[in-house]
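Inspection log for the structure reproduced underneath, given as structure tokens.
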Amino acid sequence: MTNLVEVRNLRIEAKTDAGRLVEIIKGVSLDIADGEIVALIGESGSGKTTVALSLMGYARPGCRITGGEINVNGKNMAALTERGRARLRGTDIAYVPQSAAAAFNPSSTIMEQVIEVTRIHGLMPPEQARKRAVELFRALSLPDPDGIGARYPHQVSGGQLQRLAAAMALIGDPKLVIFDEPTTALDVTTQIDVLKAFKSVMKAGGIAGVYVSHDLAVVAQIADRIVVLKGGEVQETGTTAGILSAAQHPYTRELLAAFEPKSRQIRADEDSGPKPLLRIDNLTAGYGPVKRDGQPVIRAVDSVSLIVEKGRNLGVIGESGCGKSTLARAIAGIHPAATGDIVFDGKALERAARKRTRDQLREMQIVFQYADTALNPAKPIEDIISRPLAFYHGLDRQARSKRVDELLDMVRLPRSLRYRHPSELSGGQKQRVNFARALAAGPKLIICDEITSALDTVVASAVIELLKELQRELGLSYIFISHDLSVVEAICDEIMVMYNGERVEQITPDKVKSPTHPYSKLLFSSVPKLDPTWLDGLVRDPELVTQYGHR
Amino acid sequence: MTVARAASSRRSFLGHSYNLVGVVASLVILAWTLVAIFAPYIIPHPIGDIVDDDYFGPMRQGLWLGSDYLGRDMLSRVLMGARYTVGISLAAVSIACFSGVVLGMIAAVTGGWFDTCLSRFLDAMNSIPSKLFGLVVVAAVGSSIPVLILTLAVIYIPGAYRFARALAVNINTMDFITVARVRGESTIYLIGSEILPNIIRPVLADFGLRFVFIVLLLSGLSFLGLGLQPPLADWGALVRENIGGLPFAAPAVIVPSLAIASLTISVNLLIDNLPQKIRDRDA
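Line by line, the protein sequences are chains F and X.
Here our numbering is used: the first residue of the first sequence is 1, the next is one more, and so on.
Here our numbering is used: the first residue of the second sequence is 1001, the next is one more, and so on.
Shown next, in the form of structure tokens:
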């Protein structure tokens, strides 16, 4: 046996509620050599996580490995007993989950959890394990490597926790580490630190890795080879450079194309001059008890002013916790602002939504990030879309039904979908329904709160294209909130950068290359590029990083 | 436990899968419901008539379930008892669950002072032992069917309220509720159209469970002599009347006990084995 991992003709079946068997992995084969990092990429539902988990001989509840061989370090994981597999997990193979926050036990210290693997397998005495853990913390460039182990999971940041999860995986000296989208939930500025740490540790130890992701740019930085999956089958395999420069399979090309944002054409109808649709002056919103001066104790949004012009789009960008979602909620009146004025279409708006008139509510719609929770799971699509029609426009049954068809056409969904429930749609379809509901109201302004963040690259770029098209047809304005610069760049006329509740800079997309504010510089330079040498070549001003990066 | 065992014997019908235990349980419940509705037409003797020379008579032809402590026909009394037990309990549980669930959802949606005051008040109600509360009310205003129904309902409102509120609070944090709120929807629309459809299944399960509690509490009150007054009798009262027959192994005391057990156990089993909707994208 030459390779560390040899998967041959792997088949995995899942059972549906009705007892029907569905084959979700259809004969996947792949090899991983010693010390090689292989990325599994594909859209959600392509089976990438299922394949990665099967390397540990694990199939999620309801799934079963039905055929094929999974040889890891000379042992067939599919044929071993559960006890036999347990012996290998943590020592031969380790796993780093997507959400480290959910993977750590909140009621015990980090050190206890990191060295737990050595205790279970009896690898080394606890003192030695602690020393080894501290070495790993240092190697992963965690701050205060000697003291961080004594803390509890809630006392460290998300990026640190993700690196601690890697330390937990590495302490048993595994030959293979499986990373399951470990940076997807992180901000771009944090993602860089985590990627760098992962890369250096893996290289230093000569450890082989499987990196599951849907982000081609991230994968380009860390992987030696890329395996593209779709529908439970391998579409294409190749070296990272090979895939990026000369992709063969149409799906891979689609992935690459989605990554290159199409530049936004300047609109022609600028004859009438810009008319402000929404003007916000010195808006402050926050949480906690209100102080004597009328300001909340914790200010999430601090004296932000902005203007959205008719038919144009404003992008709001910033890391998580910078107050961009609170800003959206304050504008929509869901979380009433403490102070500040909101002028919409020439008229001053009340701060709280329930004091606004029905027409004011109708003209400003908000679309949320998670279509899963934004659509009532108990109602068919038809009811969801037709409610604003009945509520705002008082349409009768027949007129509503006709309009629902039109709206479904507008968002490019088949009309037959109207009888389905949200759980029977894919993520991208749900987001379109979510958007169709906002359109049903007949708004002038739509606030989009991270609407593409939960979607795959290909699906997200299709949704963005749709938004642009609808804007051309209906003359809408968008406030587009996102942490993803490429998305904002693709659709917005103006970009506002927020940091720590304040507006730090407002620029146009063509000037993104040369921001003036230091935080914008850091943020924009942290967005991964498809170039595999980008991460290694990246030089960041250490002063900026210490000032604005949350490490 | 039952679910795990039943999983192997699931069949499907009308897009739902069900199992044998659930079917048998619902048949028992259906049978008792039919008896409750048609009791006056099927009883062989009026419930007050003394038809046997002996008391605690054995099962025999003509008196299929023997006679009670006064020599009255036990079959007639059990059949009519079903009417009171099922009827009173159903009325009480309907009132309790309806008011509890509506209040719970309103409290969850409204929040603030309304929620706090209502919750504390109902918590206080909850702290009164149910039998004691029943005793006091019946002692104060006397025993009649409306009083019994209302008392039982009031006792079980706090529980239904807590349950519904806990479920509704979870739903209330979902974005689709926020969307409906910024649309300008009223509270009635929010609770009826957005929240209720999402909690209806657990609420129905709770309804069944509470029905069982009420049957048992009603039987308990009747056993203490505070329920229905003679010659009317629900199953609990029948057990009490005939408790003297226990040394003789008289069917008069065993049969109403079995009736209570069969109804409550069936409802419980049905709740554990409700038909499940099959969610299958392509099938």
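Cβ atoms here follow ideal geometry from the backbone N, Cα and C, with glycine treated the same way.
Proximity below 8 Å, CB of residue i to CB of residue j
{"i": "P1251 of chain X", "j": "G1048 of chain X", "result": "no"}
{"i": "Q369 of chain F", "j": "P443 of chain F", "result": "no"}
{"i": "I1260 of chain X", "j": "S1222 of chain X", "result": "no"}
{"i": "A337 of chain F", "j": "R351 of chain F", "result": "yes"}
{"i": "I481 of chain F", "j": "V316 of chain F", "result": "yes"}
{"i": "I25 of chain F", "j": "V51 of chain F", "result": "yes"}
{"i": "T189 of chain F", "j": "A220 of chain F", "result": "no"}
{"i": "A378 of chain F", "j": "P1202 of chain X", "result": "no"}
{"i": "A371 of chain F", "j": "N434 of chain F", "result": "yes"}
{"i": "I280 of chain F", "j": "L256 of chain F", "result": "no"}
{"i": "D180 of chain F", "j": "Q98 of chain F", "result": "yes"}
{"i": "V487 of chain F", "j": "I507 of chain F", "result": "no"}
{"i": "I1145 of chain X", "j": "I1088 of chain X", "result": "yes"}
{"i": "T66 of chain F", "j": "E13 of chain F", "result": "yes"}
{"i": "S1266 of chain X", "j": "V1028 of chain X", "result": "yes"}
{"i": "L530 of chain F", "j": "A223 of chain F", "result": "no"}
Contact set between residue i and chain F, taken where Cβ atoms lie within less than 7 Å
{"i": "T1178 of chain X", "result": "I334"}
{"i": "D1175 of chain X", "result": "F368, Y370, T373 and A374"}
{"i": "G1184 of chain X", "result": "R358 and L361"}
CB-CB length for residue i against residue j, believed under 8 Å
{"i": "L4 of chain F", "j": "I37 of chain F", "result": "Actually they are not in contact, since the Cβ atoms of L4 of chain F and I37 of chain F sit about 12 Å apart, beyond 8 Å."}
{"i": "I207 of chain F", "j": "P174 of chain F", "result": "7 Å"}
{"i": "E319 of chain F", "j": "D187 of chain F", "result": "4 Å"}
{"i": "H214 of chain F", "j": "T457 of chain F", "result": "6 Å"}
{"i": "I110 of chain F", "j": "L164 of chain F", "result": "6 Å"}
{"i": "G1081 of chain X", "j": "A1233 of chain X", "result": "6 Å"}
{"i": "L176 of chain F", "j": "L55 of chain F", "result": "7 Å"}
{"i": "L389 of chain F", "j": "R403 of chain F", "result": "6 Å"}
{"i": "L40 of chain F", "j": "V212 of chain F", "result": "5 Å"}
{"i": "P296 of chain F", "j": "G286 of chain F", "result": "3 Å"}
{"i": "V497 of chain F", "j": "H517 of chain F", "result": "7 Å"}
{"i": "L395 of chain F", "j": "I384 of chain F", "result": "Between I384 of chain F and L395 of chain F the Cβ distance is about 15 Å, and since that is not below 8 Å, they are no contact."}
{"i": "R415 of chain F", "j": "L407 of chain F", "result": "With a Cβ gap of about 10 Å, R415 of chain F and L407 of chain F do not count as contacting."}
Cα-Cα separation between residue i and residue j, rounded to whole angstroms
{"i": "P509 of chain F", "j": "R312 of chain F", "result": "13 Å"}
{"i": "G149 of chain F", "j": "Q128 of chain F", "result": "14 Å"}
{"i": "G321 of chain F", "j": "A300 of chain F", "result": "8 Å"}
{"i": "A247 of chain F", "j": "G90 of chain F", "result": "35 Å"}
{"i": "K291 of chain F", "j": "N1172 of chain X", "result": "28 Å"}
{"i": "G1244 of chain X", "j": "C1117 of chain X", "result": "49 Å"}
{"i": "R1240 of chain X", "j": "L1246 of chain X", "result": "10 Å"}
{"i": "A438 of chain F", "j": "V1182 of chain X", "result": "11 Å"}
{"i": "L1190 of chain X", "j": "A1180 of chain X", "result": "7 Å"}
{"i": "S1076 of chain X", "j": "Y1156 of chain X", "result": "31 Å"}
{"i": "I1095 of chain X", "j": "V1051 of chain X", "result": "38 Å"}
{"i": "P106 of chain F", "j": "A100 of chain F", "result": "11 Å"}
{"i": "G232 of chain F", "j": "K430 of chain F", "result": "22 Å"}
{"i": "A268 of chain F", "j": "L413 of chain F", "result": "Here the model assigns A268 of chain F a pLDDT of 46, short of 50, so the residue's position is not dependable, and the following value carries that caveat. Taking the straight line joining both Cα atoms gives about 29 Å."}
{"i": "V539 of chain F", "j": "A197 of chain F", "result": "15 Å"}
{"i": "A133 of chain F", "j": "A167 of chain F", "result": "7 Å"}
{"i": "E543 of chain F", "j": "Q191 of chain F", "result": "18 Å"}
{"i": "H955 of chain X", "j": "V1078 of chain X", "result": "In this structure chain X extends from 1001 to 1283, so residue 955 of chain X is not present and cannot be described."}
{"i": "V1255 of chain X", "j": "R1060 of chain X", "result": "14 Å"}
{"i": "A330 of chain F", "j": "L1103 of chain X", "result": "30 Å"}
{"i": "G42 of chain F", "j": "L455 of chain F", "result": "12 Å"}
{"i": "A1153 of chain X", "j": "F1211 of chain X", "result": "10 Å"}
Under 9 Å by beta carbon: chain X residues contacting residue i
{"i": "P388 of chain F", "result": "R1183"}
Partner residues on chain X for residue i, Cβ-Cβ distance less than 8 Å
{"i": "F391 of chain F", "result": "R1183, G1184 and E1185"}
{"i": "P377 of chain F", "result": "N1198"}
{"i": "A353 of chain F", "result": "R1181, V1182 and G1184"}
Beta-carbon neighbours of residue i, restricted to chain F and to distances below 8 Å
{"i": "E1241 of chain X", "result": "The contacting residues do not exist; E1241 of chain X stays about 48 Å from chain F at best."}
Any non-hydrogen atom of the ligand ADP closer than 7 Å to residue i Cβ
{"i": "L1218 of chain X", "result": "As presented, the structure is devoid of all ligands, the ligand ADP included, so that no description of it is given."}
Discussion item. By the 7 Å beta-carbon criterion, what residues does the region 454 to 481 of chain F contribute toward chain X?
Written reply: Among the residues of the region 454 to 481 of chain F, none has a Cβ less than 7 Å away from any Cβ of chain X.
Worksheet entry | Within 7 Å of chain F by C-beta, residues of the region 1198 to 1215 of chain X in sequence order | Within the region 1198 to 1215 of chain X, N1198 place their CB atoms closer than 7 Å to a CB of chain F, listed in sequence order.
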